[in-house]
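**Q** In this note's numbering, the protein residues as written are 2 to 483.
Where a beta carbon is used, it is the ideal one built from N, C-alpha and C, also for glycine.
Below: one structure in structure tokens.
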């Protein structure tokens, strides 16, 4: 795949957010994936426009290895093995070549540096309980009995031209067929779906609910082109032969051409998705996930111990994540009986359930979520819980009119909350903000705005919730400036 003309020998510097090591070539920054800081490597350039401010590259040979390098557990994602086969590595396990302990050290360094660079917040100066005696931020590992493998309960695959499951390399539209996914729970990794024919589909989402529930497949296809009756029948037949598959749901995407034009520009046509129609091909429309807390409704009704939600709705992808995050919320926030809480970007109600159980029947919780399926799941979950109000709305639309609260819980998508939401929270003047984040860069941007408004970062914890990837989860408490 690479020639002498498009390879370089580099010495890698520090790791940065996104899974890249920084290197330099003739004054230009090169973002190198699949390296460990301090190594000397040969790389293949993947983006190298002559006038670009920086280039991107993959490691194809290790000339001087770090002591923290190990054999990658997934061949398809191993850069060295992939380039030997004239392929690029698929995305999804860009830290797999690094020992587990060092992965966490690097994530701590990346989080700290990102918060300082983007958020102008130096953790060492914040006097935080989470900073150890050595002055360092430590990333907490979740329980992973398989050494960082078999933890993903939700995986999305593309479908290649042969109809088989495939994945893409980083920043590429190429499709590379896969026959396993060892970061996924074993029910997914060992499933027979890797030999299925999904011709006519664009994407297949695989969900492994907790407990003994079988897998659910959500198959995405264009409504007008789609799978057809023959394809649907074949999928039903394959599901009947595969005992691990419980449900297949077709997500029919209806798209239409939208003509656009501009002054002096040639008229062009774009495709814009307009709606998705779900059809249950076999099995059930919803899955059930356990809650780490029980919410006792009034009147002696049974406690709420699980949530029923559609498989496309957001739920934490690590089995231990709900318990870990709600325990952190309890320890960090000090939410008490009778308090008032607001849960923004609430999803199907994980933190709403924790807050409701904590404040009890004398408290109040407002749960806000825009996604229809997730919000409907929360409505069903709390239908008999008089202390919880569920509102289906984009957070941005109601941010300027939030009620008084002791605690506002903020768990935004990867892009973060943004200026309007942060200003709305500040105007509501809660005593505390609990900010759950899956992206250190967007968290740093929002944290910078909060500190500029006078909020104080009082505690922060970082979790290695996605081992063998560059991703991490954090929970932070900000206390009121008033």
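May I ask you to report which of helix, strand or coil DSSP gives residue 56?
**A** Note: residue 56 maps to strand in three-state DSSP.
**Q** For residue 263 and residue 52, I'd like the C-alpha separation in whole angstroms.
**A** Low per-residue confidence applies at residue 263: pLDDT is 48, beneath 50, and the placement is therefore not dependable, though the value from the model is reported in the following sentence. Distance between the alpha carbons of residue 263 and residue 52 is about 28 Å.
**Q** Is it a yes or a no for the segment 307 to 317 touching the segment 374 to 382, going by three-plus beta-carbon pairs under 8 Å?
**A** Yes: at least three Cβ pairs fall under 8 Å.
**Q** Are the segment 406 to 422 and the segment 82 to 99 in contact at 8 Å, needing three or more beta carbon pairs?
**A** With a cut-off of 8 Å, the segment 82 to 99 and the segment 406 to 422 do not count as touching, because too few Cβ pairs lie within range.
**Q** Whose C-beta lies closer than 7 Å to the C-beta of residue 239 among residues of the same chain, with five residues either side of it excluded?
**A** For residue 239, where only same-chain residues beyond five positions count, the Cβ hits under 7 Å are 197.
**Q** Nearest by alpha-carbon distance to residue 207: which of 449, 421 and 157 is it?
**A** Closest by alpha carbon: 157.
**Q** Compare the beta carbon distance of residue 340 and residue 374 with 8 Å and say whether it is the shorter of the two.
**A** No, the pair does not count as a contact, with Cβ atoms beyond the cut-off.
**Q** May I ask which residues mark the beginning and end of the alpha helix (DSSP H) holding residue 380?
**A** Element bounds for residue 380: 373 to 382.
**Q** In chain order, what residues of the same chain lie with their CB nearer than 6 Å to the CB of residue 137, ignoring the 5 residues before and after it?
**A** Contacts found: none.
**Q** Count Cβ pairs between the segment 416 to 436 and the segment 282 to 293 that sit closer than 8 Å; are there 3 or more?
**A** Output reads no: the segment 282 to 293 does not touch the segment 416 to 436.
**Q** What residues match up with residue 253 in a beta bridge as DSSP calls it?
**A** BP columns for residue 253 point to 222 and 278.
**Q** Who are the Cβ neighbours of residue 151 in its own chain at under 6 Å, not counting the five residues just before and after it?
**A** Excluding sequence neighbours, residue 151 sits near 186 and 187.
**Q** Find the nearest neighbour of residue 328 within the set 294, 36 and 286, judged by alpha-carbon distance.
**A** Among 294, 36 and 286, the Cα nearest to that of residue 328 belongs to 294.
**Q** With a cut-off of 8 Å on the beta carbons, I'd call residue 180 and residue 195 a contact; round off their distance for me.
**A** Their Cβ separation, rounded to whole angstroms, is 5 Å, which keeps residue 180 and residue 195 in contact under 8 Å.
**Q** Express the C-alpha separation of residue 430 and residue 448 in angstroms, rounding to a whole number.
**A** Roughly 16 Å between the two C-alpha positions.
**Q** For residue 324, name the three-state secondary structure that DSSP assigns.
**A** DSSP places residue 324 in helix when its eight states are reduced to three.
**Q** Where do the N-terminal and C-terminal ends of the beta strand (DSSP E) with residue 462 fall, by residue?
**A** Where residue 462 is concerned, the enclosing beta strand (DSSP E) stretches over 457 to 465.
**Q** So the beta strand (DSSP E) residue 433 belongs to, where does it begin and stop?
**A** Counting along the chain, the beta strand (DSSP E) containing residue 433 begins and ends at 433 to 438.
**Q** Residues in its own chain within less than 6 Å of residue 62 by CB, not counting five upstream and five downstream?
**A** Hits under 6 Å: 43.
**Q** Expressed to the nearest angstrom, what Euclidean distance is found between the alpha-carbon atoms of residue 54 and residue 203?
**A** Distance between the alpha carbons of residue 54 and residue 203: 34 Å.
**Q** Measure the alpha-carbon distance for residue 30 versus residue 14 and round it to whole angstroms.
**A** Taking the straight line joining both Cα atoms gives about 10 Å.
**Q** Could you check which residue in 221, 235, 227 and 245 has the C-alpha nearest to that of residue 215?
**A** Checking every option, the nearest Cα to that of residue 215 belongs to 245.
**Q** Could you please give the first and the last residue of the uninterrupted beta strand (DSSP E) stretch that includes residue 370?
**A** Where residue 370 is concerned, the enclosing beta strand (DSSP E) stretches over 365 to 370.
**Q** Could you name the residues of the same chain whose beta carbon sits closer than 6 Å to that of residue 67, not counting the 5 residues immediately before and after it, in chain order?
**A** Same-chain partners within the cutoff: 37, 39 and 40.
**Q** Does the ligand GTP have a heavy atom nearer than 7 Å to the CB of residue 178?
**A** In the structure shown, the ligand GTP is absent, as is every other ligand, since no ligand is present at all.
**Q** Can you tell me where the beta strand (DSSP E) with residue 441 in it begins and where it stops?
**A** Here residue 441 belongs to no beta strand (DSSP E); instead the alpha helix (DSSP H) covers 441 to 453.
**Q** What does the alpha-carbon distance come out to for the pair residue 459 and residue 116?
**A** Computed Cα separation, rounded: 15 Å.
**Q** State buried or exposed for residue 337, treating a residue as buried only when at least 16 other CB atoms are found within 10 Å of its CB.
**A** It is exposed - the Cβ of residue 337 has fewer than 16 other Cβ atoms within 10 Å.
**Q** Expressed to the nearest angstrom, what Euclidean distance is found between the alpha-carbon atoms of residue 260 and residue 254?
**A** Residue placement at residue 260 cannot be trusted, given a pLDDT of 48 that sits under 50; what the coordinates show is reported in the next sentence. Residue 260 and residue 254: Cα-Cα distance of roughly 19 Å.
**Q** Determine the DSSP secondary structure at residue 410, reduced to helix, strand or coil.
**A** Strand, per DSSP.
**Q** Going by C-alpha to C-alpha distance, which of 78, 69, 74 and 71 sits closest to residue 59?
**A** Residue 78 is the option with its Cα nearest to residue 59.
**Q** Quick check: what's the CA-CA separation for residue 489 versus residue 296?
**A** Nothing can be reported for residue 489: it is not among the residues displayed for the chain, which extend from 2 to 483.
**Q** Beta-carbon within less than 6 Å of residue 76's beta-carbon, same chain only, minus the 5 sequence neighbours each way: which residues are those?
**A** Only 82 meet the Cβ criterion.
**Q** Given a threshold of 16 other Cβ atoms within 10 Å of its Cβ, counted over all protein chains shown, does residue 219 qualify as buried or as exposed?
**A** Buried: at least 16 other Cβ atoms inside 10 Å.
**Q** Looking at residue 34: is its Cβ nearer than 8 Å to the Cβ of residue 26?
**A** Cβ atoms of residue 34 and residue 26: not closer than 8 Å.
**Q** For residue 475, write down the residues that DSSP places opposite it in a beta bridge.
**A** The partner list for residue 475 (beta bridge, DSSP) reads 438 and 463.
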